[in-house]
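Using this note's numbering, you'd call the opening residue of the sequence shown number 1420 and step up by one each time. For reference, the structure is listed below as structure tokens.
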Amino acid sequence: MHELTTGVLAGEPLAMARAISLVENDPSEAAQLIHDLHSKIGKALRIGVTGPPGAGKSTLINEVAVSLRDSGEKIGIVAVDPSSPFTGGALLGDRVRMQKANEDFSIFIRSMASRGMPGGVAKGTADVADILDASGRTCVIVETVGVGQSEIEVTKLADVTLVVLSPESGDSIQAMKSGLMEAADIIVINKRDRPGADKLMSDIQGAFQLSTRRRDVPIVQTSAATAQGISDLITAARKYIESQKASGEFAARRRRIATERVKGIVEFFMRQTLWESADSQARLESAVNDVLEYRRSLYDAARALLKELTR
Ligand SMILES: Nc1nc2c(ncn2[C@@H]2O[C@H](COP(=O)(O)OP(=O)(O)OP(=O)(O)O)[C@@H](O)[C@H]2O)c(=O)[nH]1
Ligand SMILES: [Mg+2]
């Protein structure tokens, strides 16, 4: 374990990959590792990227990563449940660019499956972000496909959340109806080379005009496949972070994130330990009997059982 900690702190790609596997497969080892890394966690900027499948999130992240890397940043990327392989969408030229930029491992990329994460996606991705952070990455990017509520939860772990839409996905309308847009600190309309980008932009602006809270959300147009609009996006993100820091909201958000994580881990520990005692199954059965034989209501039996199990 000690060796793994040292490897992660040194930013060795192999150690980082092994550490992330622990998060996927072995929660208690992962907990120990993150405990050991604790004093080195917290410096990296965390960027959440979400949006409908195929909107161009990975292509966009590639370009942002290369650009940030050129300005001296060290990037860690984790994609949760990618429906397409991370660099698979990128044009060949981009992939060469990516490789060239990455000869010194200044960009670390890892895909992971949400079902491999004991304790849930939010806990798992936050743990992975911690590992990348401790490894000396100055910027950690988390990609999730924005299709459901749990994906939106994940974006709450980030200092800034980008919601990526494209004019060709009818899903964008769906995204506007769902909570996805609410999670956005910056909206990216990618594939601006496709017809409909301006219409999508004015649709969103129209919808946001109605809300005082959302009126000022920046909307940036990009064409990730040809690396256009990337610097506009980075500028918008930097501006956002700066204003968050100036207003104190950056720290407040990190506090909210830490609060949610502590709560989540307490609940995870509780679930883990609740059924550990030898007689817990017998107690459960007896509670079920009470319910089925009308001695106790469902809620009464559950409350009493909880009391017994946590005594
Ligand atoms: N025309 C056009 N195509 C793009 C652009 N950006 C990405 N694409 C293409 O869109 C497809 C999907 O790109 P990805 O980057 O894999 O999209 P994604 O949102 O990460 O997809 P999932 O992770 O599977 O949800 C690929 O074929 C890309 O080459 C763009 O700006 N313009
Ligand atoms: Mg992707």
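Built from N, CA and C at the ideal position, the CB exists for glycine as well.
> What are the residues that DSSP puts in a beta bridge with V1573?
Replying inline: For V1573, no pairing in a beta bridge is given by DSSP.
> Any idea which residues DSSP pairs T1425 with across the strands?
Replying inline: Paired residue(s): none; T1425 is not in a bridge.
>> Spatial neighbours of V1427 within its chain, please: C-beta separation below 8 Å, excluding the five flanking residues on both sides.
In response: Within the same chain, V1427 has close Cβ partners A1434, M1435, A1438, L1452, L1456, I1550, A1553, S1554.
>> Let me make sure I understand the geometry here. Which of E1601, V1583, C1558 has the alpha-carbon closest to that of E1572?
In response: Taking each of E1601, V1583, C1558 in turn and checking the Cα distance to E1572, the smallest one comes out for E1601.
> Using the C-alpha atoms, what's the distance from L1693 back to I1684?
Replying inline: Take the alpha-carbon of I1684 and the one of L1693: they are about 14 Å apart.
> Between which two residues does the alpha helix (DSSP H) carrying Q1700 extend?
Replying inline: Annotation: the continuous alpha helix (DSSP H) that includes Q1700 extends over 1699-1711.
>> Using a Cβ-based criterion (distance less than 7 Å to any ligand heavy atom), does K1476 qualify as near ligand 2?
In response: It does: the Cβ of K1476 is within 7 Å (strictly closer) of some heavy atom of ligand 2.
> Would you say R1611 and G1565 are within 8 Å of each other, going by their C-beta atoms?
Replying inline: No, these two residues do not count as a Cβ contact at 8 Å.
> If you measure from the CB of V1564, is any heavy atom of ligand 1 nearer than 7 Å?
Replying inline: Yes; taking the cut-off as 7 Å, the Cβ of V1564 has a heavy atom of ligand 1 nearer than that.
>> Please determine whether the Cβ atom of D1612 lies at a distance below 7 Å from any heavy atom of ligand 1.
In response: Under cutoff, so the answer is yes.
> According to DSSP, is V1561 helix, strand or coil?
Replying inline: V1561 falls in the strand class under three-state DSSP.
>> Relative to the C-alpha of T1604, which candidate in R1556, I1653, P1586 has its C-alpha closest?
In response: Residue 1604 is actually Asp in this sequence, not Thr. Measuring from the Cα of D1604, the nearest candidate turns out to be I1653.
>> Whole angstroms are fine: how far does the CA of I1528 sit from the CA of G1747?
In response: Residue 1747 lies beyond the range of the chain shown here (1420 to 1730); nothing can be said about it.
> On the three-state DSSP scale, how would you describe G1555?
Replying inline: Here G1555 sits in coil by DSSP.
>> Using only CA atoms, which one of A1429, E1727, G1470 lies nearest to S1597?
In response: That would be G1470, whose Cα lies nearest to the Cα of S1597.
> Just checking my contact of T1731 with T1574 at CB under 8 Å: how many whole Å lie between their CB atoms?
Replying inline: Only positions 1420 to 1730 of the chain appear in this structure, which leaves residue 1731 out of reach.
>> Looking at the strands, I want to know which residues DSSP matches up with M1531.
In response: DSSP lists V1499 as the beta-bridge partner residues of M1531.
> With distances taken from CA atoms, which of S1530, L1703, R1465, S1650 is nearest V1442?
Replying inline: Considering only alpha carbons, the answer is S1530.
> What's the call for S1621, buried or exposed, on a 16-neighbour Cβ count within 10 Å?
Replying inline: S1621 counts as exposed, since fewer than 16 other beta carbons sit within 10 angstroms of its beta carbon.
> For ligand 1, any of its heavy atoms closer than 7 Å to the Cβ of A1644?
Replying inline: The beta carbon of A1644 sits closer than 7 Å to at least one heavy atom of ligand 1.
>> Restricting to Cα atoms, I'd like to know which of A1643, G1430, S1447, A1449 is closest to A1484.
In response: In this structure, A1643 is the residue among A1643, G1430, S1447, A1449 with its C-alpha nearest to the C-alpha of A1484.
> Straight-line CA distance for T1678 to A1671?
Replying inline: T1678 and A1671: Cα-Cα distance of roughly 10 Å.
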